[in-house]
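Residue numbers (my numbering), protein chains in the order written: chain A, 18 to 146; chain B, 18 to 146. All C-beta atoms, glycine included, are put in the ideal place defined by N, C-alpha and C. No experiment lies behind these values; they were computed from the predicted model shown.
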């Protein structure tokens with residue numbers, strides 16, 4: 018599906034940024050579920066991630082297909098409750114994604130810091146090299 | 018265009034994750050350009066980000082429309098050279114995005130650390146609350 022070239026020398030390609038996880042709504046959902054290992058109801062997920070029903074369903078479906086989340090029916094105070102929770106595979110994949118994300122943040126934070134300490138960008142003159 | 022609800026209490030919505038920047042290829046391009054304030058040729062960008070010509074053009078076009086990058090024609094050693102560089106507005110917007118990205122990383126890193134220190138997820142039993 019991807020039309021990207023896998024270059025040998027592509028320090029900014031960030032191939033570890035798993036597209037399934039990187040999509041903003043799915044990143045929201047997965048981070049919510051990471052912080053709630055017992056699972057969350059659809060209503061809670063919707064609210065925590067500010068998603069519409071349609072988007073919630075669509076993105077949960079993608080994550081289910083990837084076996085990253087599971088929908089579990091349980092009983093709470095004699096009432097049926099359907100919760101969504103992260104699978105162990107989903108958790109592992111999220112952790113790997115996070116390492117790639119940290120790399121982006123570090124690359125960017127490093128250069129912002131350098132540029133701040135050397136004054137405004139506008140004062141940098143192109144070298145002749 | 019967005020069908021997302023802006024909730025008042027949506028800690029995981031990450032609305033600061035600007036979709037223009039968050040897309041992986043564009044995040045690669047912008048991070049490359051951040052680290053090369055004098056600009057980069059199309060060939061360099063292609064290689065650093067491992068993009069095809071088609072994807073490079075498509076994503077640069079989006080960033081140009083958003084006035085985040087500019088294409089500049091200059092002369093280097095008597096040869097015409099076209100470089101792409103970040104605009105000041107692009108740089109500011111990237112810095113704002115980065116703050117939102119750091120928030121995601123911190124939320125996730127915190128919970129991973131907590132879960133590691135409390136043992137395997139699988140040992141957590143749902144409470145009755």
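Residue nearest to residue 106/A within the set 47/A, 122/A, 71/A is 47/A (criterion: CA-CA distance). Following the DSSP letters along the chain, one finds residue 120/A inside the alpha helix (DSSP H) bounded by residues 105–134. Look at residue 64/A: its C-beta is under 8 Å from a C-beta on chain B. Residues of chain A with a Cβ closer than 7 Å to the Cβ of residue 122/B are, in chain order, 115, 118, 119, 122. Under the 8 Å Cβ criterion, the segment 24–42 of chain B counts as touching the segment 59–68 of chain A, having at least three qualifying pairs. The C-beta of residue 30/A comes closer than 8 Å to at least one C-beta of chain B. For the segment 42–62 of chain A, the residues whose beta carbon sits under 7 Å from a beta carbon of chain B are, in order, 44, 45, 48, 49, 51, 52, 54, 55. When rounded, the separation of the alpha-carbon atoms in residue 81/B and residue 125/B is 32 Å. A distance below 8 Å separates the beta carbons of residue 90/A and residue 99/A.
Taken in chain order, the members of the segment 64–89 of chain A whose beta-carbon sits within less than 9 Å of a beta-carbon on chain B are 64, 65, 66, 67, 68, 69, 71, 72. Among the residues facing chain B, residue 112/A is included, as its CB has a counterpart in that chain under 8 Å away. Per DSSP, the unbroken alpha helix (DSSP H) holding residue 82/B starts and ends at 70–82. Cβ-Cβ distances below 7 Å link residue 44/A to 38 in the same chain, with the five nearest sequence neighbours on each side left out; the list follows chain order.
One finds 51, 52 in chain B with Cβ atoms closer than 7 Å to the Cβ of residue 128/A, taken in chain order. At least one beta carbon of chain B lies nearer than 8 Å to the beta carbon of residue 36/A.
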